[in-house]
Each structure stands twice: as structure tokens, then as C-alpha cells.
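K.L.:
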Amino acid sequence: MPGELVPIGRRPKQVASFAGPGAPARFQAWREANAAALAAIPVEALRVEHAGFGVARTIRIRIDEDAIPDGLEGPDEAGAGDGLPPAA
15 MPGELVPIGR RPKQVASFAG PGAPARFQAW REANAAALAA IPVEALRVEH AGFGVARTIR
75 IRIDEDAIPD GLEGPDEAGA GDGLPPAA
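Note that my numbering has the sequence shown beginning at 15, numbered continuously upward.
1) Tell me the DSSP secondary structure of GLU63 in three-state form.
2) Please identify the residue among VAL57, PHE41, PRO83, ALA49 whose C-alpha is closest to the C-alpha of HIS64.
3) Measure how close the beta-carbons of PRO56 and ALA81 come, nearest whole angstrom, since I'm counting them as under 8 Å.
4) Less than 7 Å between the C-beta atoms of LEU86 and ALA51, yes or no?
5) Using a threshold of 7 Å, state whether the C-beta atoms of ARG76 and PRO26 are closer than that.
6) Return the CA-CA distance between ASP96 and GLU79, expressed in angstroms with no decimal places.
7) Taking the beta strand (DSSP E) that ARG76 falls in, what are its first and last residues?
8) Straight-line CA distance for PRO83 to PRO89?
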């Protein structure tokens, strides 16, 4: 079948997700708390996805696996980070 076993490179890893009411404010607070770690990420390795609107709004942050910096903390929301420790 065409396309099978075609290398597509490394998949970006979801490191944070914010959903529902207040998602933009929680995303901003997380971004400010992780500013130093995020500054070390090349622009082409960082993706911020926005989906939905109003109470159904979701913001997801993905980073290429080889560009995830040390010291990046996941948000303190259930299931929001993919393998990162929750923010203290």
C-alpha cells in the first residue's frame, strides 16, 4: 500500500494542553512560568495549536522531541502534559 513504512521524521510531543473556560489565561501563566526553558526552543520546533472557541476552546503546545528543553514543567492540569512533571 502506498505510503506505508515511509519515514515521516520525529513526531512533536504534546507538552501542555489547556481546555475550557480560562484556557488563554492558564496558557499565559504557564508560558510565563516556563519562559526561560521556552526561550531555548528553536521557533521551527514549537507548535501552539488553537481549536474551538468560547467554553470549548483548547490550546495545545507541542515541541519536537529532540528540542524539549530540561526544566520545562507541565501544567498542573490532569492529562495536560505528556510525560512532564506537574508544576509545583
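For every residue, glycine included, the Cβ atom is placed at its ideal position computed from N, Cα and C.
This structure is a prediction, so every number in the text was calculated from the model and none was measured.
P.N.:
So, from the listed chains and residues:
1) strand
2) PHE41
3) At roughly 6 Å, the Cβ-Cβ gap stays under 8 Å, so PRO56 and ALA81 are in contact.
4) yes
5) yes
6) In this prediction, ASP96 scores a pLDDT of 49, lower than 50, which makes its location untrustworthy; no coordinate-derived value is stated.
7) 72-78
8) One C-alpha to the other measures close to 15 Å.
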